[in-house]
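*Asks:* One structure is given below, represented as structure tokens, and several questions about it will come after.
Protein chains: 2
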Amino acid sequence: MPQNTAIHLVRHLDTTPLGPQLFETRQTPLPTVADGQLLVRQTHMSLDPAMLGWMTSDRNSYIAPVELGEVMRSFGYGEVVESHHPDFQAGDRVQGGFGWQEYALVSASEVNAVDPDLPPEMVLSVLALPGLTATQGLLNIGRPQAGETLVVTGAAGSVGSLVGQLGKARGMKVIGIAGSQEKCDWLTHELGFDAAINYKTEAIGEKLDEVAAEGIDVFFENTGGAAQEEVYYRMNAQGRIVVCGLIADYTAATPAPGPNWMQIIKKRLLIQGFTMPDHLHQTGELLQQLLPHVQKGEIKYRAHVIEGLDAAIDGLQLFLTGENQGKLIVKL
Amino acid sequence: MPQNTAIHLVRHLDTTPLGPQLFETRQTPLPTVADGQLLVRQTHMSLDPAMLGWMTSDRNSYIAPVELGEVMRSFGYGEVVESHHPDFQAGDRVQGGFGWQEYALVSASEVNAVDPDLPPEMVLSVLALPGLTATQGLLNIGRPQAGETLVVTGAAGSVGSLVGQLGKARGMKVIGIAGSQEKCDWLTHELGFDAAINYKTEAIGEKLDEVAAEGIDVFFENTGGAAQEEVYYRMNAQGRIVVCGLIADYTAATPAPGPNWMQIIKKRLLIQGFTMPDHLHQTGELLQQLLPHVQKGEIKYRAHVIEGLDAAIDGLQLFLTGENQGKLIVKL
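Line order of the protein sequences matches chains V and P.
The working numbering applies: residue 365 is where the first sequence begins, and numbers increase by one.
The working numbering applies: residue 365 is where the second sequence begins, and numbers increase by one.
The structure is reproduced here in structure tokens:
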């Protein structure tokens, strides 16, 4: 009888250091598929920095922690092996929140069908959380107009790189801020960004005055840190600031103060924070917005693929060292 | 032949102290009324703190300065004495940007008809800039829901007092922050606010924990200063912050930093700055939103009326001393 192998979270990250001691691998018989359900064999899993947050016991976050004993939460790509829902049949490719396991039993309403011609790495790098986040944040909150100027921080990250490319696809001038010369070169040479600023070696404000002398219309904020104020004070009237991530503040001992609010009135700024758990029910609509850009070849990605379910455990370490080259994906 | 008396701005406030030396009174023959125009005899003029900004030569503001030699800019109430537009006839009551003068020649498209049964003081205190500002800010940006909690700073001011009453009319719990016990008593005893906090004598944070233990859904910010951070850190998820004024920052030698942005993500906050010059073309729609509340008697106001066109010059001083009791109006 076929078995399912799953990795369960058994300790929280706020009591135990990151490592194999947080997890336990268990085998169980494959479950029975009820009406409306699908059994999916997962072939590729996405690893995302947000997982580190889900692994703590912090109930004040915007997303509930993974409970001890539960299969570790994750998004993935797979093939339907048994369907009890009329919209799906065996062999269909789907993505959804499958968790760290080989087989997932899910409601048909919780998965999205995927074009089988698209590489799984592309689906998870572009059409999953990073792409949904970039689409909701840039297109629906930032409301970009052709000819406007966009600045994105964390520009070489899985979200930031898509935000900048979507901006280019919508006719914007795009400036990325990233943390290495290699990343900056990738942004301008490969992804078509108009300019990139290495915040570790360049004076952000002076460089912005040079490459965005016309001012900034949309600021997509992924990082916090010194870039925030430099971009904020260069916003144009009616500018939109999309607050998606503040990595510098997650790890700072004392969060830095924000900028004075006078600019918010003078420039009539919109500042909007968002997190994807609020918008996952819109996944279908978001993919409809994103797919045309993918189909036109406007979106490039880098995937960093590691092999085997167990590799996920060590894979998380790469978020702490920053050694991953592109979107982290576990191939099962 | 009838004459028009007008007060012109002849010096800017950034070169000359506030006082009669900024102005010159001139008499001119009444102008000829062209097609599409109205001649209005102004009976009441509104004095507003924003005028002090219009009187400087600062071209970086969101509204152009009054040019030297121009009639001082203001909003007022009056009676049509001659109409060359089919929608208006002599005797109609109108409001619009008439300036500091007895008669104004205006395009019919620039004025709004007013119900002649409404007292002019009420029109200028409620149905003019203060009410338009409160309506746009609270109803259209703040999107209040019954049962939600609203905190408004500058709560006893011409805008703040209307914001709080609109909040009550929409079924919100309303907490005002103001600068004297007399103002706080007026808010709770006369205007129906659920609570008021005297920021000069009370610990704002502790008092908010007491009167808004459920958290804050809408923050209407008129003042800046210490209240800002105390309210910000008590916002609920999906909260809206309407940034309308920051008096404390206008006058501060060094603007205070704002709060850290992490709350914007954690709570998915919307922060939106606005100024009315962007929205004056929506005056008709805004009045449609506001009028039902006025007609149901849900909106009270205090008018501080001074007499004679020349009184406007000294009237401006009251904004610096804070001695006015209610909305400042000049009766011609």
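Heads up, the beta-carbon is just placed ideally off N, CA and C, and yes, glycines get one too.
From a predicted model like this one, the values you see are computed outputs, not experimental measurements.
Below 9 Å on C-beta distance, what does residue 636 of chain V contact in chain P?
*Replies:* Those within 9 Å of residue 636 of chain V in chain P are 628, 632, 633, 634, 635, 636.
*Asks:* Per the DSSP calculation, residue 471 of chain V is bridged to which residue(s)?
*Replies:* BP columns for residue 471 of chain V point to V:401.
*Asks:* At 8 Å on the CB atoms, spell out the chain V contacts of residue 418 of chain P, in chain order.
*Replies:* Result: empty, since nearest Cβ-Cβ is about 15 Å, beyond 8 Å.
*Asks:* Report the rounded CA-to-CA distance for residue 509 of chain V versus residue 576 of chain V, giving the unit in angstroms.
*Replies:* Their backbone Cα atoms lie some 16 Å apart in a straight line.
*Asks:* Taking C-beta pairs closer than 7 Å, name the residues in chain P that residue 610 of chain V reaches, listed in chain order.
*Replies:* The answer, in chain order, is 625, 626, 629.
*Asks:* In the structure shown, what three-state DSSP assignment does residue 441 of chain V receive?
*Replies:* Looking at residue 441 of chain V - three-state DSSP - the assignment turns out to be strand.
*Asks:* Tell me, which residues are paired with residue 604 of chain V by DSSP?
*Replies:* Answer is V:582, V:634, bridged to residue 604 of chain V.
*Asks:* Helix, strand or coil: which one does DSSP assign to residue 574 of chain P?
*Replies:* If DSSP states are grouped into helix, strand and coil, residue 574 of chain P belongs with the helices.
*Asks:* Assess contact between the segment 499-507 of chain V and the segment 366-385 of chain P, defined as three or more Cβ pairs (one per stretch) separated by less than 8 Å. Is contact present?
*Replies:* As far as the Cβ criterion goes, the segment 499-507 of chain V does not touch the segment 366-385 of chain P, which means the pair count is below three.
*Asks:* Should residue 412 of chain P be labelled buried (16 or more other beta-carbon atoms within 10 Å of its own) or exposed?
*Replies:* Residue 412 of chain P should be labelled buried.
*Asks:* Helix, strand or coil, according to DSSP, for residue 689 of chain V in the structure here?
*Replies:* Residue state, collapsed to three classes: coil.
*Asks:* CA-CA distance, residue 543 of chain V and residue 581 of chain V?
*Replies:* Taking the straight line from one Cα to the other gives about 23 Å.
*Asks:* Do residue 600 of chain V and residue 585 of chain V have their CB atoms nearer than 9 Å?
*Replies:* Their beta carbons are not under 9 Å apart, which means residue 600 of chain V does not touch residue 585 of chain V by this criterion.
*Asks:* Applying a beta-carbon distance threshold of less than 8 Å, which residues of chain P neighbour residue 478 of chain V?
*Replies:* Those do not exist, as residue 478 of chain V stays about 28 Å from chain P at its closest Cβ, beyond 8 Å.
*Asks:* Report yes or no: do the segment 630-644 of chain V and the segment 631-649 of chain P share at least 3 C-beta pairs separated by less than 8 Å?
*Replies:* Yes, they touch.
*Asks:* Please report the residue range of the alpha helix (DSSP H) in which residue 656 of chain V lies.
*Replies:* Run containing residue 656 of chain V: 647-659, per the alpha helix (DSSP H) assignment.
*Asks:* Where does residue 451 of chain P land, buried or exposed, given buried means 16+ other C-beta within 10 angstroms?
*Replies:* It counts as exposed.
*Asks:* Counting only Cβ-Cβ distances shorter than 9 Å, please list the residues of the segment 640-656 of chain V near chain P, keeping chain order.
*Replies:* For the segment 640-656 of chain V, which is checked against every Cβ of chain P, the residues closer than 9 Å are 642.
*Asks:* Are the C-beta of residue 621 of chain V and some C-beta of chain C separated by less than 9 Å?
*Replies:* Reference to chain C is not applicable here, since the protein chains of this structure are V and P.
*Asks:* Please list, in chain order, the chain P residues whose beta carbon lies closer than 8 Å to that of residue 607 of chain V.
*Replies:* Those are 625, 628, 629, listed as they occur along chain P.
*Asks:* Would you mind sorting residue 553 of chain P into buried or exposed? The rule is 16 or more other CB atoms within 10 Å of its CB.
*Replies:* Flag for residue 553 of chain P reads exposed.
*Asks:* Among the residues of its own chain, which have a CB less than 6 Å from the CB of residue 475 of chain P, if the five just before and after it don't count?
*Replies:* So the qualifying residues of the chain are 458, 460.
*Asks:* Quick one: using the 10 Å Cβ neighbour count with 16 as the cut-off for buried, is residue 428 of chain V buried or exposed?
*Replies:* So residue 428 of chain V counts as exposed.
*Asks:* What do you reckon, is the C-beta of residue 659 of chain P under 8 Å from a heavy atom of the ligand SAH?
*Replies:* Ligands in the displayed structure: none, and consequently the ligand SAH is not present.
*Asks:* If we ignore side chains and look at the alpha-carbon of each, how far apart do residue 371 of chain P and residue 477 of chain P end up?
*Replies:* Roughly 25 Å separates the two Cα atoms.
*Asks:* Is there at least one Cβ from chain V nearer than 9 Å to residue 585 of chain P's Cβ?
*Replies:* For residue 585 of chain P, the answer is yes, since a Cβ of chain V falls inside 9 Å of its Cβ.
*Asks:* Please determine, among P:550, P:536, P:487, the residue with the shortest C-alpha to C-alpha distance to residue 518 of chain P.
*Replies:* Minimum Cα distance to residue 518 of chain P is reached at P:550.
*Asks:* For the 8 Å Cβ check, are there 3 or more pairs between the segment 434-441 of chain V and the segment 395-409 of chain V?
*Replies:* Short answer: they touch.
*Asks:* Helix, strand or coil: which one does DSSP assign to residue 599 of chain P?
*Replies:* It is a strand residue.
*Asks:* Looking at residue 605 of chain P and residue 596 of chain P, is the spacing between their C-beta atoms short of 9 Å?
*Replies:* Result yes, Cβ atoms of residue 596 of chain P and residue 605 of chain P sit closer than 9 Å.
*Asks:* With distances taken Cα to Cα, identify the nearest neighbour of residue 394 of chain V among V:612, V:454, V:590, V:369.
*Replies:* Selected option, being the one with the closest Cα: V:369.
*Asks:* Can the beta-carbon of residue 692 of chain V be found less than 9 Å from the beta-carbon of residue 491 of chain V?
*Replies:* No, they are not a contact pair.
*Asks:* Would you say residue 613 of chain V reaches chain P, if we count a Cβ-Cβ gap shorter than 9 Å as a contact?
*Replies:* So, interface residue.
*Asks:* So, does the CB of residue 569 of chain V fall closer than 9 Å to a CB anywhere in chain P?
*Replies:* No, no contact with chain P.
*Asks:* So residue 668 of chain P and residue 688 of chain P are supposed to be a Cβ contact under 8 Å. How far apart are they, rounded?
*Replies:* The Cβ separation is near 5 Å, so the contact holds.
*Asks:* Leaving out five residues on either side along the sequence, give the residues of the same chain with a beta carbon under 7 Å from the beta carbon of residue 487 of chain P.
*Replies:* Excluding sequence neighbours, residue 487 of chain P sits near 441, 459, 478.
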